[in-house]
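Asks: Just passing along the structure, written as structure tokens.
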Amino acid sequence: MSDNREVSSAQNPPGAGHGATNPRLTGSDSVLFSTPLRGREQFAEQLADAAKSVEAGNSRVIILRGIPGVGKTRLLGEVLAEASRRGWKTVTATTEPDSNLIPLGSLLDAVARTSPPLLTKTHIQALAGEPDARYWLVQALRDALETATKTQPVAIVIDDMHWLDAASLAVLRSLLPRVADLPLLWALSVRSGEHGAPVSRTMTELAKTATVVDVAALSDSAVDDIVTDIVGAPPGATLSAIMQRTENVPLLVIELLQGLMEENLVTTRSGEAYALGGSELPERFGASIRERIMHLSQPARTLVQIAAVLGHGFTIQNAATLRGRTAAELVEPLAEAVAAHIITDGTELAFRHDAIRDTALGMLPDDLRSQLQRDAWRVRIAAGEPVLAVAATVAQTALAADDDAIALLHDAALELVATDASSAAELAERAIELMASEPRFAQLAVDLVPVLYAGGKATAARSTAAAVFSALPVDSEAHLLLSIARLETESSFEEAIRTCDRALALEGVPDDVRANLYAVKALNYANIGRFVELADTLALATTAATAAEEYAALATVEATESVLRFYENRFGEAYRLITSAEQRIAISPGRTPSHWLPEGLWRAFLSNSLGDGESALRIADNNLAETTRRREAPAMAFWMMLRSRVLLDLGRLDDAKTQAEAVLAIAQDLQLGDFADATAGYVVFRVALYQGDSAEIGRNRDFVRAMSDGPGLFKVGRWLSAIAADDVGDHIGALAFTNDAFATLRDPIPSMTTPADFGDDIDLVRISMRAGAVDRLATILDVVEARAVANPGNALAVGIHHHARGLIENSSDELRHAAAALREAGRPLVLVCALEDLGAALASTDVDSATAAWSEALGIAERCGALRDAGRLRRHLRGIGVVRRPPTSTTPSGLTTRELQVVERLAEGRTTNQIADDLFLSPHTVITHIRHASTKWNVSSRRGLVERFKSQS
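Taking the UniProt record's numbering as reference, the numbering of the sequence shown is continuous, increasing by one, and the terminal residue is 953.
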């Protein structure tokens, strides 16, 4: 930038444009901000390039990384100044060390204080009351930014990102990809060095698309320019020598110069500035902040140190209380600290830079600092500050058996667990440590056991529970063990069973708790496939739950048994049980089938697995509509995931992929874990295989490998690996991946896909035959035959039996029977497989019949969008002299009909939510359609989509 533009940033300070009521950056009223920007020419070029790209409709992210005092905040000020000059809206978020435990504090403050606010305080309060506040906040911010950018670009600045709380960091990770096609400039600063997992993860995610600027110390010439700006003349030899003590760190450069000038130790002669007294200064002067504080009077120095204990920002009343003085007695010391540019006195008292506060805090002896910090958090709580604002200090400084500290950490952990389970568990662990095993804290410890589990500290949770059992009455101990068993169900089925057994062995367990313990135990026996024990436990659970009239437990028992009966080929009994379970859950207080999860999904999964995909889709659509109306975000996501699987099995591949991608985009926000991988992740990969999308397959190989190597979904991962290997001709490799599936084929459990897909049995036959594993074929045939014989009215089971027998026995008659049955089964792509194999069986003896079979299969594959299968079928037909050309694109634009409808509405100026309402889609699905259209048209922004659409209309 030229000097003229640098000076303009001082004349037009950050926040002076559309966002004038934004929080001000720390130190924005200092000398450093009021002088021209020096030595940062490369950054100026990067900023100009980013601004140009944003004004073209794109989103850009800049991350400034460096040590404290190196000038990151000054560069953020330049971003705000540039945005103001261009007439953009600006949003500024400032953080401090105490921010990291206050969920969404700094972020929500920033969006509410922008002028006009992105979200009003009323809106924010309403979102905070939602069960899944973080998820809804991401949606609300996306909508707000979409609306704001319709009139001008928006610059969003976040200073000291490393002090943001985990919930805010998660919002950033989720939000930025969702608004990547809007004209937004994100500028964030972060300290260099090691950080905790939330910050590191956020940096890793953002750095994939961001410009990361490592802000280094200034060059000698830049320091000379700063000296000239402040002193009025370039430095001579003695002043240049002294300036070397700053190591060219801008904050220290300014500190030293101000100290020298205040002490009249700088003079100008012959057009240069010199330091009096040669190149050495008296010890009380110098570049260090410590020396600057030491130069204050004793009352002012004490005030600064007291204030440092209270935090980055503080009140004069809190300082007075901690100091044991009246507020009036601190007026003069405060004025001195302000005059010395150590404390700012704007809308609130605060340290001008965090490095100054850190130095002041470090000047206190360790014991005194710890005692003052213990006193300080009590003062802050008494003044009305939230417990989360002081929890980190309490955890660091509290002494054992301090009732107040333990109670505060207990409350903070429970408040924080919903938004930051990891940090909540750290607080819980510290609270338990402070309890020192004293019995009077037993109930508080019990409360914290689920927090420890939620934060991944299962060992600490178990040891805590064991330590307090002796202090609990039997009913409380049983309740605690039930809670632990439910939590262990998500991580260790065997541990959950052992925990249930321990609770059931207690004397005097309440009947309702006993019923639920049996239900959880049964569920975990089902999870690990121990079906002898499962049958006994289900009987005990049914008896206990019926006697206790514990309908929710009985519903879980029946849903679990329904799954077992399905895998035992007792389809009618499976339907009866899940119907009964839904009726029971409907009369349980506070329960409805739509949010009874995951059990409530089973009826739709069962219908789909048995070939009635249309019924399954109606169930999914109805429950998705209800959970959307009730704003139950996790339940919405579960029904969206199920819906993607149903769409896949119905052969609606584009719709299935769009739905799956939409829900995967929010799965992390809602911590959906394995279920998202087993449904939506599975769908994305299978669609890629059907469509021959090698790029998508490549992008998902790590995901499949992770499932294969993990404890919960290794069968699904290895099955996907098998069909992917078979697809590229690696038949021996494919066979190796099927070992787990084959070993459990006769067991009443899912061997390949969850829930089971009978069509997978045909792939297993094909892989075994291609790899020469003919010894497996009899077992596979026995399994599919038993299913068909037990359920002769199920077209899918019957068709799969005929198909398997036709392949194994090389019987065209059996393959004809398979095709006939599968035409009634509602699984078009399974029918394609049967018709393809029928054509192959007839090609050498009956060309006309082979042509008819392959032509029918080709038509279905093309309608479904199964491009790989369609290409293979066209090659089969070409081999017998029949040419079938590929169909043209769905629309002349190259977009699908639905994608074109979305782009048309974008061009009309409609927002994501308006398009979603108009087309009866979810906003996530609309965003996915926009992303697909952008990829096909090779544009990176919504503006680019609209311009392309208008140019060809």
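Glycine is no exception: its CB is placed at the ideal position from the N, C-alpha and C atoms. From a predicted model like this one, the values you see are computed outputs, not experimental measurements.
Is the stretch 856 to 871 in contact with the stretch 832 to 840, if contact means three or more CB pairs nearer than 8 Å?
Replies: The stretch 856 to 871 is in contact with the stretch 832 to 840.
Asks: Going straight from the alpha carbon of residue 653 to that of residue 894, what length do you get?
Replies: Within the sequence shown, numbered from 1, the residue matching residue 653 stands at position 653. Within the sequence shown, numbered from 1, the residue matching residue 894 stands at position 894. Distance between the alpha carbons of residue 653 and residue 894: 17 Å.
Asks: State the start and end residues of the unbroken beta strand (DSSP E) segment that holds residue 754.
Replies: Counted from its first residue, the sequence shown places residue 754 at position 754. Element bounds for residue 754: n/a, residue is neither H nor E.
Asks: What did DSSP end up calling residue 186 once you bin it into helix, strand or coil?
Replies: Working through the sequence shown from its first residue, we reach residue 186 at position 186. Strand.
Asks: When you compare the CB positions of residue 734 and residue 725, do they come within less than 7 Å of one another, or not?
Replies: Taking the sequence shown and counting its residues from 1, one reaches residue 734 at position 734. Taking the sequence shown and counting its residues from 1, one reaches residue 725 at position 725. Closer than 7 Å, so yes.
Asks: Closest by CA to residue 73, which one among 821, 371 and 37?
Replies: Start at 1 with the first residue of the sequence shown, and residue 73 comes out as number 73. With distances taken between Cα atoms, residue 73 lies closest to 37.
Asks: Residue 304 lies in the beta strand (DSSP E); which residues open and close that run?
Replies: Counting from 1 along the sequence shown, the entry for residue 304 is found at position 304. Note, residue 304: premise wrong, no beta strand (DSSP E); alpha helix (DSSP H) at 298 to 310.
Asks: Alpha carbon to alpha carbon, what distance is there between residue 841 and residue 804?
Replies: Residue mapping note: residue 804 aligns to position 804 of the sequence shown, counting from 1. Residue mapping note: residue 841 aligns to position 841 of the sequence shown, counting from 1. Those two C-alpha atoms are separated by around 13 Å.
Asks: How about residue 68 and residue 163: are their beta carbons less than 7 Å apart?
Replies: Counted from its first residue, the sequence shown places residue 68 at position 68. Counted from its first residue, the sequence shown places residue 163 at position 163. Not in contact: residue 68 and residue 163 (Cβ atoms no closer than 7 Å).
Asks: Have a look at 670, 721 and 944 and flag the residue whose alpha-carbon is nearest the alpha-carbon of residue 170.
Replies: By 1-based counting over the sequence shown, the position of residue 170 is 170. Selected option, being the one with the closest Cα: 670.
Asks: Using the beta-carbon count (16 or more within 10 Å), is residue 853 buried or exposed?
Replies: Position 853 of the sequence shown, counted from the first residue, corresponds to residue 853. Looking at its Cβ environment, which holds 16 or more other Cβ atoms inside 10 Å, residue 853 is buried.
Asks: Sort out for me which residues DSSP pairs residue 274 with in a bridge.
Replies: Translated into positions along the sequence shown, residue 274 becomes position 274. DSSP output for residue 274 lists 267 as bridge partner(s).
Asks: Quick one: give me the first and last residue of the alpha helix (DSSP H) that residue 689 is part of.
Replies: Counted from its first residue, the sequence shown places residue 689 at position 689. Where residue 689 is concerned, the enclosing alpha helix (DSSP H) stretches over 682 to 691.
Asks: In angstroms, rounded to a whole number, what distance separates the CA positions of residue 86 and residue 341?
Replies: On the sequence shown, residue 86 is found 86 positions in, with the first residue counted as 1. On the sequence shown, residue 341 is found 341 positions in, with the first residue counted as 1. Cα-Cα distance, rounded: 32 Å.
Asks: Is residue 14 helix, strand or coil when you go by DSSP?
Replies: For the purposes of this step, residue 14 is identified with residue 14 of the sequence shown, where counting begins at 1. The pLDDT assigned to residue 14 is 33, lower than 50, so where the model puts this residue is not dependable; a value taken from the coordinates is nonetheless given after this. Three-state result, residue 14: coil.
Asks: Using the beta-carbon count (16 or more within 10 Å), is residue 643 buried or exposed?
Replies: The count along the sequence shown starts at 1 and reaches residue 643 at position 643. Residue 643 is buried by the Cβ-count criterion.
Asks: How far does the beta strand (DSSP E) with residue 158 in it extend, from its first residue to its last?
Replies: Start at 1 with the first residue of the sequence shown, and residue 158 comes out as number 158. Counting along the chain, the beta strand (DSSP E) containing residue 158 begins and ends at 154 to 159.
Asks: Excluding the 5 residues preceding and the 5 following residue 467 in the sequence, name in chain order all residues of the same chain whose CB lies nearer than 8 Å to its CB.
Replies: Here residue 467 is taken as the residue at index 467 of the sequence shown, counted from 1. Closer than 8 Å at Cβ, skipping near neighbours: 437 and 445.
Asks: Given a threshold of 16 other Cβ atoms within 10 Å of its Cβ, counted over all protein chains shown, does residue 920 qualify as buried or as exposed?
Replies: Residue mapping note: residue 920 aligns to position 920 of the sequence shown, counting from 1. Exposed.
Asks: Would residue 180 and residue 59 be called neighbours here (beta carbons separated by less than 7 Å)?
Replies: The residue you call residue 180 lines up with position 180 of the sequence shown. The residue you call residue 59 lines up with position 59 of the sequence shown. Going by C-beta atoms, residue 180 is nearer than 7 Å to residue 59.
Asks: When you compare only the Cα positions, how much space is there between residue 324 and residue 355?
Replies: The sequence position of residue 324 within the sequence shown is 324, counting from 1. The sequence position of residue 355 within the sequence shown is 355, counting from 1. Going from the Cα of residue 324 to the Cα of residue 355 covers about 26 Å.
Asks: Do you know offhand how far residue 281's Cα is from residue 48's?
Replies: Translated into positions along the sequence shown, residue 281 becomes position 281. Translated into positions along the sequence shown, residue 48 becomes position 48. Bear in mind that a pLDDT of 48 at residue 281, under 50, signals an unreliable position, so the model cannot answer this.
Asks: State the beta-bridge partners of residue 349 as determined by DSSP.
Replies: Here residue 349 refers to the residue found at position 349 of the sequence shown. The partner list for residue 349 (beta bridge, DSSP) reads 314 and 345.
Asks: If I'm right that residue 610 touches residue 796 with Cβ under 8 Å, what's the distance once you round it to whole angstroms?
Replies: Counting from one through the sequence shown, the residue named residue 610 turns up at place 610. Counting from one through the sequence shown, the residue named residue 796 turns up at place 796. That belief holds up - the Cβ atoms of residue 610 and residue 796 are roughly 6 Å apart, short of 8 Å.
Asks: How about the stretch 778 to 790 and the stretch 713 to 728: do they share at least three Cβ pairs that are nearer than 8 Å?
Replies: The stretch 778 to 790 is not in contact with the stretch 713 to 728.
Asks: Using 10 angstroms around the beta-carbon of residue 589, count the other beta-carbons present and answer buried if the total reaches 16, otherwise exposed.
Replies: Translated into the one-based positions of the sequence shown, residue 589 becomes position 589. Label assigned to residue 589: exposed.
Asks: Report the CB separation of residue 92 from residue 25 in whole angstroms; it is logged as a contact under 8 Å.
Replies: For this step, residue 92 is matched to residue 92 along the sequence shown. For this step, residue 25 is matched to residue 25 along the sequence shown. Indeed they touch by this definition, with Cβ atoms about 7 Å apart.
Asks: Three or more C-beta pairs under 8 Å: does that hold for the stretch 450 to 465 against the stretch 406 to 424?
Replies: Result yes; three or more Cβ-Cβ pairs closer than 8 Å.
Asks: Bridge partners for residue 66 per DSSP, in chain order?
Replies: One-based indexing of the sequence shown puts residue 66 at position 66. Paired residues: 191.
Asks: So, with DSSP's three-state summary, where would you put residue 509?
Replies: Start at 1 with the first residue of the sequence shown, and residue 509 comes out as number 509. Of the three classes helix, strand and coil, the one that applies to residue 509 here is coil, per DSSP.
Asks: What do you get for residue 396, buried or exposed, if any count of 16 or more other CB atoms within 10 angstroms of its CB means buried?
Replies: Along the sequence shown, read from residue 1 onward, the residue named residue 396 stands at position 396. It is exposed - the Cβ of residue 396 has fewer than 16 other Cβ atoms within 10 Å.
Asks: Can you list, in chain order, the residues of its chain whose CB lies under 8 Å from that of residue 551, leaving out five sequence neighbours each side?
Replies: Position 551 of the sequence shown, counted from the start, is the residue given in the question as residue 551. Result list for residue 551: 545, 584, 585, 587 and 588, in chain order.
Asks: Work out the CA separation of residue 691 and residue 883 for me, nearest whole Å.
Replies: The residue you call residue 883 lines up with position 883 of the sequence shown. The residue you call residue 691 lines up with position 691 of the sequence shown. C-alpha separation (whole angstroms): 21 Å.
Asks: Quick one: using the 10 Å Cβ neighbour count with 16 as the cut-off for buried, is residue 577 buried or exposed?
Replies: One-based indexing of the sequence shown puts residue 577 at position 577. Residue 577 should be labelled buried.
Asks: For residue 94, list the residues DSSP reports as bridge partners.
Replies: As a working note, residue 94 is residue 94 in the sequence shown. BP columns for residue 94 point to 159.
Asks: Can at least three beta-carbon pairs, one atom from the stretch 767 to 783 and one from the stretch 743 to 758, be found at a separation below 8 Å?
Replies: Cβ pair count under 8 Å is three or more, so yes.
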